[in-house]
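Written below as structure tokens is the structure these notes are about.
4 protein chains.
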Amino acid sequence: MPVPASETIEAQGHLIDSGYLSAIMDKVIELNSNYEIVRFDIGRTNDEVSSLEMRLTAPSDAVLADLLQELTVFGCHAVRESDAITRPAEKDRCVADDFYSTTNHRTHVRLGAQWVEVQHQRMDAVIVVAGNKAECRKLRDVRAGEMVVCGHDGIRVTPEFRERDRLGFAFMSNDVSSERRVEASVVRIAAMMREVKRNGGRIAVVAGPVVVHTGGAEHFSSLIRGGYVDVVLAGNALAVHDIEYALSGTSLGIDLTAGAPVEQGHRNHMVAINAVNRAGSIRRAVEVGVLRSGVMYECVKHDVEYVLAGSIRDDGPLPDTLMDLVEAQDRYAEALDKNVHLVLMLSSMLHSIGVGNMLPSWVRVVCVDINPAVVTKLSDRGSMQTVGVVTDVGLFLHHLAMRLSAQ
Amino acid sequence: MPVPASETIEAQGHLIDSGYLSAIMDKVIELNSNYEIVRFDIGRTNDEVSSLEMRLTAPSDAVLADLLQELTVFGCHAVRESDAITRPAEKDRCVADDFYSTTNHRTHVRLGAQWVEVQHQRMDAVIVVAGNKAECRKLRDVRAGEMVVCGHDGIRVTPEFRERDRLGFAFMSNDVSSERRVEASVVRIAAMMREVKRNGGRIAVVAGPVVVHTGGAEHFSSLIRGGYVDVVLAGNALAVHDIEYALSGTSLGIDLTAGAPVEQGHRNHMVAINAVNRAGSIRRAVEVGVLRSGVMYECVKHDVEYVLAGSIRDDGPLPDTLMDLVEAQDRYAEALDKNVHLVLMLSSMLHSIGVGNMLPSWVRVVCVDINPAVVTKLSDRGSMQTVGVVTDVGLFLHHLAMRLSAQ
Amino acid sequence: MPVPASETIEAQGHLIDSGYLSAIMDKVIELNSNYEIVRFDIGRTNDEVSSLEMRLTAPSDAVLADLLQELTVFGCHAVRESDAITRPAEKDRCVADDFYSTTNHRTHVRLGAQWVEVQHQRMDAVIVVAGNKAECRKLRDVRAGEMVVCGHDGIRVTPEFRERDRLGFAFMSNDVSSERRVEASVVRIAAMMREVKRNGGRIAVVAGPVVVHTGGAEHFSSLIRGGYVDVVLAGNALAVHDIEYALSGTSLGIDLTAGAPVEQGHRNHMVAINAVNRAGSIRRAVEVGVLRSGVMYECVKHDVEYVLAGSIRDDGPLPDTLMDLVEAQDRYAEALDKNVHLVLMLSSMLHSIGVGNMLPSWVRVVCVDINPAVVTKLSDRGSMQTVGVVTDVGLFLHHLAMRLSAQ
Amino acid sequence: MPVPASETIEAQGHLIDSGYLSAIMDKVIELNSNYEIVRFDIGRTNDEVSSLEMRLTAPSDAVLADLLQELTVFGCHAVRESDAITRPAEKDRCVADDFYSTTNHRTHVRLGAQWVEVQHQRMDAVIVVAGNKAECRKLRDVRAGEMVVCGHDGIRVTPEFRERDRLGFAFMSNDVSSERRVEASVVRIAAMMREVKRNGGRIAVVAGPVVVHTGGAEHFSSLIRGGYVDVVLAGNALAVHDIEYALSGTSLGIDLTAGAPVEQGHRNHMVAINAVNRAGSIRRAVEVGVLRSGVMYECVKHDVEYVLAGSIRDDGPLPDTLMDLVEAQDRYAEALDKNVHLVLMLSSMLHSIGVGNMLPSWVRVVCVDINPAVVTKLSDRGSMQTVGVVTDVGLFLHHLAMRLSAQ
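Chains as they are written, first to last, in this note's numbering: chain L, 41 to 447; chain F, 41 to 447; chain E, 41 to 447; chain C, 41 to 447.
The following block contains the structure:
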């Protein structure tokens with residue numbers, strides 16, 4: 041019969057504003073455990089952080105272990121310090137059952153009595169330790185014998201706290217609704233983009249074909265020409281539709297200055313793919329003069345990196361599209377790892393979730409979609425870091441481009 | 041035991057392009073009846089109409105009667121001519137069971153061997169005959185003893201046919217999707233509005249408070265100043281939010297240049313109502329200088345008629361709001377009856393359905409909403425006459441106002 | 041030039057779990073003011089409440105007054121006690137500019153050094169004082185000379201705190217998503233309904249016509265027969281569609297065991313209205329045997345109160361429908377005031393918002409709609425009291441009726 | 041300067057009911073061309089087909105060629121017979137610019153004066169001819185020198201016509217709305233599934249993880265046990281969530297009998313992947329007794345083929361997931377090619393579009409999603425063959441399983 045188990049934990053930070061103190065308590069109760077506040081020093085003013093010491097009592101050692109691991113995400117750690125426990129992976133892609141599953145927050149592990157920052161932070165990974173180094177690794181990339189952090193000892197997570205006074209970001213992110221004035225959001229997003237560039241950061245744009253369907257291609261192109269886009273992460277469809285539009289003036293067979301969809305066929309779509317196939321690649325299509333405008337054209341012309349990931353629904357695909365998804369994920373992750381400070385996610389739930397999974401929590405995300413459910417879903421995965429805007433993405437890009445090209 | 045019954049009907053018009061020929065056949069089969077095409081002369085070119093003669097056989101007289109009545113909407117009528125049958129209303133608001141229920145299409149009834157056009161055409165009404173006059177009447181307005189058209193004899197409906205060559209309208213109306221380039225729709229809608237004004241027609245705008253929340257109030261105001269709005273049909277909420285914005289710069293407590301919603305209270309909202317109550321009416325609030333901007337202000341300044349209908353959710357209401365819905369419906373209907381050629385429906389399903397119920401089928405409707413289900417629902421009620429645009433209504437108004445003020 | 045102004049406030053309760061402490065801080069910063077925590081005693085265990093004392097400094101007296109009023113919703117009040125300030129209404133429907141705008145939380149005002157509970161609590165009202173009594177009053181019902189509470193002195197609000205351990209409710213209410221297992225929600229809602237009835241409380245159901253379209257009428261009827269419905273608050277459309285279905289087997293002209301919508305006409309709909317008009321009322325239609333099944337039939341048979349509010353989109357309306365919306369709002373409010381503990385809102389945004397506006401915060405609300413945006417919108421208006429379920433309302437009612445009839 | 045060009049075409053079939061005659065006329069006008077009806081014999085009764093002969097005049101040869109190709113989808117072909125034109129692919133993946141782009145309808149090409157049926161019909165492919173055989177080929181699979189059909193000569197498409205009397209299917213497919221009684225649809229879909237099995241056809245199910253989140257896994261399992269599922273086409277996520285649920289009782293960290301989502305972590309999710317990795321494959325996990333219930337378990341136990349396609353958002357992935365999307369597409373297509381008569385698409389837009397692209401038009405499709413926009417999008421791609429149901433997919437599966445297990 042299990043006997044109750046206890047541990048004293050501590051945490052520091054903007055515990056109130058972030059809602060973390062409340063979340064900690066919820067989690068304790070949810071796991072049928074109890075807490076007693078040993079000490080809580082609240083920040084007296086807006087600038088001061090709070091500090092918490094709390095005694096947990098769980099119904100069993102196993103539950104306590106679960107609880108402690110789950111509380112790491114809020115910055116909680118045992119008062120009692122000890123090194124992280126590591127166990128060798130029993131085979132490729134397979135680790136011990138009590139492996140520590142990472143969050144997207146900055147994490148340190150204690151190795152040989154030293155706190156070491158984990159590299160390549162991302163969520164749903166494990167931490168592999170080698171010597172005095174530690175890094176996030178996807179399960180599939182773990183090799184037999186590698187040392188993997190297990191349990192909850194010696195792990196400290198430093199969550200990003202929602203900062204109350206950074207109104208530009210914090211206040212926008214509170215809710216998702218189509219009943220908002222988009223122009224106000226555009227002003228703030230433009231300011232954020234300028235600030236990122238001023239600070240030497242990079243901006244990634246994740247975009248779906250709806251950007252083209254809604255007439256956003258020319259405005260997206262204008263952002264690229266203005267130097268506001270450093271990397272484009274998309275699928276085959278964005279590129280095909282963009283090139284179809286550049287070659288034929290249509291998107292999915294719809295004339296963008298007019299009309300109706302065409303159920304039967306997407307010949308222009310196929311023509312675009314054929315044309316790129318003939319040239320050999322998108323870059324070559326630009327070089328030989330076949331492709332003369334559009335998002336992909338501007339990427340080539342302005343040396344903007346792009347990664348096109350394949351999917352089960354792809355026509356073609358274009359020769360540039362990576363149909364090996366392991367490679368595509370790796371290429372996405374590498375591109376994001378190169379000092380990307382801000383990601384704009386435009387009407388592509390699939391690629392946006394993919395990117396969201398790869399990002400550490402300190403990269404800002406702006407998510408734009410006309411479907412509030414998509415924005416909610418993306419925001420829920422990282423509510424502290426994500427601003428959601430529910431609007432028409434074509435018109436949004438139009439206004440953003442106007443704002444950024446103004447002065 | 042019922043015996044089969046037959047009748048020969050005819051119809052004329054763009055029966056193919058409108059999809060009516062197909063719909064006629066569907067309806068016959070749906071009512072377990074059969075048809076035989078006696079004659080079908082197809083228009084040889086795009087300009088010529090088609091002409092149909094069809095023999096129907098139904099399983100019983102009752103079904104045949106139903107079928108004939110249901111087919112009137114497609115312009116079908118018995119070859120054999122006879123006067124309309126009328127029966128006196130047995131009491132106020134109550135008519136004989138076989139009453140003819142109107143469509144929104146132009147309708148003639150045969151009285152004393154003369155075809156007479158029915159006045160005040162609208163759907164879901166009955167036709168009351170007095171002397172050689174006939175008019176649509178809502179059930180609630182029928183008085184005991186009035187003569188009401190029953191059955192299907194002597195009734196001819198002339199449906200509006202979707203005209204193939206009027207691309208500006210017809211081609212836009214085919215589908216509802218958020219994946220469209222709104223700028224293309226704006227160009228056409230602006231052209232349509234100019235044409236209506238040039239021809240001396242009036243334009244009605246049905247608008248919900250989302251117009252204000254999304255920042256559309258100033259652009260809507262610009263349309264009014266430009267002379268593109270002749271009547272505003274709305275609810276209490278549009279006016280309250282518009283006035284709240286004019287007085288406080290907020291909409292539902294949200295600062296439109298910034299931030300977050302405020303769950304607890306809508307004090308600014310109440311302040312706006314209180315201010316109008318103090319003045320006595322919206323018009324008085326303008327006259328005494330309390331209200332100096334916004335949609336309602338412009339309506340007063342430019343003598344644009346407005347009708348505000350109350351609802352169960354209303355705060356206040358403003359003194360101008362009609363809380364007697366019978367009166368509100370009558371005032372809406374009167375306003376629409378005065379030569380309105382075009383109705384713009386902006387983010388208000390409730391009032392849009394209300395207006396849609398009152399309109400004859402030859403009034404054009406443009407329906408704008410960010411929720412595709414709303415646009416679909418409104419379009420389904422009159423697909424021939426309605427153009428649907430799925431987009432952010434604030435940005436839509438911005439672009440429409442820019443387009444209309446250009447040149 | 042304004043000079044800074046200060047005040048010390050206090051609050052007590054589950055300030056952490058409810059998120060109120062964080063919200064208080066946000067509000068202070070939002071109004072360009074500062075706070076200093078004088079004292080914060082955190083509840084040491086889950087059962088203990090927290091207690092806060094905080095010194096506020098605002099840039100001016102006016103801002104301080106606003107801030108204090110806005111903070112009342114979180115249970116904050118000045119440490120310094122004083123009587124509420126009242127001012128006479130200057131005319132009917134019009135009060136002094138600094139009137140106190142109510143929340144839906146339990147409120148006390150201090151009159152003659154006594155704290156008095158405000159009656160008929162609802163939001164967006166003012167508080168009228170007469171002798172040692174105080175009650176919420178809608179602006180439109182205020183008469184010249186009545187004494188109205190102004191400012192923020194002598195007002196104490198006791199918010200409902202989200203209670204952490206009442207998992208059945210609290211944990212359901214955290215998010216709105218269509219990606220949930222509805223059966224789990226049904227189990228809890230059924231338990232909640234049984235508990236309400238066991239405790240002698242009443243259950244109100246707000247329902248739109250979609251209940252009928254989706255096949256929910258028979259299951260709703262079963263809830264009524266089971267004694268789980270005490271009052272039905274709806275519009276004309278619910279009753280008309282329900283009666284249409286009872287008389288003709290169709291809903292909006294759609295055969296519920298089969299097929300397609302019928303654009304042109306809603307004859308069965310009109311027939312239903314005509315039939316009730318002939319009988320004189322819904323009750324009479326039941327008594328004379330014209331109406332023999334459905335939601336309205338069961339209401340009459342089981343003496344369930346129903347209030348049908350008119351709207352601008354109504355056909356008919358039925359003789360029972362209240363087309364005077366002032367009367368309809370009053371009748372809704374009265375019905376809710378009679379010991380209603382739980383409100384089920386089924387697919388009717390309009391009536392649900394109307395009801396939500398009338399409810400004090402201690403009445404539980406369950407909101408069911410297939411559109412997540414509707415559920416979010418209703419939940420946002422009272423997130424502590426509302427459980428949202430995104431699902432097909434017809435199937436939901438089927439499962440709820442099965443669950444409640446089991447055992 | 042281009043000179044006008046003419047051609048006479050003919051078509052046969054249910055041209056009215058299918059709306060094709062109208063669509064043909066629209067297309068001619070859209071391409072700035074004219075038509076003259078030479079002959080139109082309308083089917084006199086419901087069973088007879090119509091027959092059309094029409095003379096087209098286009099502004100140039102090029103436009104005429106386009107027009108003729110676009111009209112093939114409606115079954116139109118030149119009266120004048122000639123062999124199909126073929127041209128060699130100039131290089132791998134690249135064909136002549138006037139290549140014929142396929143539809144999903146049954147197609148014949150004329151080779152050596154013989155009409156030959158094209159194999160592996162699918163849309164957005166080209167037709168490769170070898171000897172007297174012809175087959176659809178995706179562009180990426182075309183090899184240099186292969187003979188590809190170009191232009192529009194010698195091509196005959198036989199569209200599936202919506203059959204008026206097959207009410208079970210045709211009448212359901214007319215509209216997409218959440219306001220329908222799902223139980224009626226379930227009855228028909230169950231009947232369709234039984235009929236397919238009776239006729240020896242196979243049923244494929246495309247499913248997303250929402251099936252698991254909404255509690256549908258056990259009901260889906262019941263369909264498999266009942267023999268109603270022959271192949272499952274899904275992504276990594278369905279399998280991971282299903283296995284997570286089988287192992288831990290949660291889906292995405294949500295306890296399906298209770299509660300709230302957990303932002304930080306999806307440890308159970310990772311545990312499921314780790315467990316399958318340890319076993320080596322899903323099948324092995326079943327064999328060694330690690331996996332004992334759920335959709336994947338039943339697939340293994342009942343030898344139901346499954347293909348899991350990778351995507352950019354995948355965690356893991358499971359060893360069974362195909363991360364090479366070319367292979368995944370080929371495996372999907374092969375599975376569908378094996379006598380699949382019916383496809384059920386459940387809450388997975390990505391995989392459903394992928395499958396839709398591969399299907400010939402004579403395979404029936406039922407698409408179920410709670411988001412009407414998804415159902416509309418999928419239906420628009422093949423409106424004749426697709427029935428859309430807007431509802432909660434978990435409850436839908438519950439009802440479908442009940443219906444199918446009932447006698």
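Ideal placement from N, C-alpha and C gives every residue a C-beta, glycine not left out.
Here the structure is a predicted model, which means the values were calculated and not measured.
Counting C-beta atoms within 10 angstroms of its own C-beta, methionine 385 of chain F has 16 or more neighbours from the protein chains shown and is therefore classed as buried.
When C:Ser288, C:Asn144, C:Asp432 are compared, the shortest CA-CA separation from histidine 306 of chain L is found for C:Asn144. Here isoleucine 77 of chain E carries a strand assignment [DSSP, helix/strand/coil]. Under the three-state reduction of DSSP, threonine 416 of chain L is assigned to helix. For the segment 387–399 of chain C, there are no residues whose beta carbon sits under 8 Å from a beta carbon of chain F. Between aspartate 137 of chain E and the set F:Asn314, F:His438, F:Ser401, the nearest pair of CA atoms involves F:Asn314. Fewer than three beta-carbon pairs drawn from the segment 406–419 of chain F and the segment 260–276 of chain F are found closer than 8 Å, and the two stretches are therefore not classed as touching.
For the 8 Å CB-CB criterion, proline 199 of chain L and valine 113 of chain L form a contact. As computed with DSSP, threonine 426 of chain F is found in a beta bridge with F:Val405. Of all C-beta pairs linking the segment 418–436 of chain E to the segment 220–237 of chain E, three or more are shorter than 8 Å, placing the two stretches in contact. Pairing aspartate 193 of chain C with methionine 187 of chain C, the inter-Cα distance amounts to about 15 Å.
Taking C-beta separations shorter than 6 Å and ignoring five residues to either side along the sequence, the partners of alanine 279 of chain F in its chain run Met336, Leu348, Leu358, following chain order.
When DSSP states are grouped into helix, strand and coil, aspartate 164 of chain L belongs to the coil group.
DSSP, read as helix, strand or coil, puts aspartate 364 of chain L in strand. Annotated three-state conformation of methionine 442 of chain L is helix, per DSSP. Isoleucine 125 of chain F is bridged by DSSP to F:Cys190.
Per the coordinates, the alpha-carbon of alanine 312 of chain F lies some 13 Å from the alpha-carbon of arginine 332 of chain F. Excluding residues up to 5 positions away in sequence, Gln52, Gly53, His54, Leu55, Ile56, Leu61, Phe80, Asp81, Ile82, Gly83 lie with their Cβ nearer than 8 Å to the Cβ of serine 90 of chain C in the same chain. Residue E:Ser46 holds the alpha-carbon nearest to the alpha-carbon of arginine 95 of chain E among E:Lys131, E:Ser46, E:Ser141. Among the residues of chain L, none has a CB under 7 Å from the CB of isoleucine 195 of chain C; the nearest is roughly 13 Å distant. Partner residues in the beta bridge of histidine 148 of chain F, as assigned by DSSP, are F:Glu157, F:Arg196. The beta carbon of arginine 242 of chain E sits closer than 6 Å to the beta carbons of Asp270, Asn379, Val380 from its chain, once the five residues preceding and following it are set aside; these are given in chain order. Annotation for glutamate 93 of chain E: Thr48, Ile49, Glu50, Ile77, Val78, Arg79, Phe80, Val119 place their beta carbon closer than 8 Å to its own, counting only its chain and skipping 5 residues before and after. When the alpha-carbon of leucine 399 of chain F is set against those of F:Thr426, F:Leu362, F:Asp409, the nearest one is in F:Thr426. Rounded to the nearest whole angstrom, the CA to CA distance from methionine 232 of chain E to valine 251 of chain E is 21 Å.
The segment 142–159 of chain E makes no contact with the segment 68–77 of chain E; the number of CB pairs closer than 8 Å stays below 3.
The C-alpha of asparagine 86 of chain E is placed about 37 Å away from the C-alpha of glutamate 258 of chain C.
When C-beta distances to chain F are compared with 8 Å, the residues of the segment 354–375 of chain E below that value are Asp354, Asp355, Gly356, Pro357, Pro359, Met363, Asp364, Leu365, Val366, Ala368, Gln369, Tyr372, in chain order. By the Cβ neighbour-count rule, aspartate 123 of chain L is exposed, with fewer than 16 other Cβ atoms within 10 Å of its own. Counting along the chain, the unbroken beta strand (DSSP E) around alanine 349 of chain F starts and ends at 345–349.
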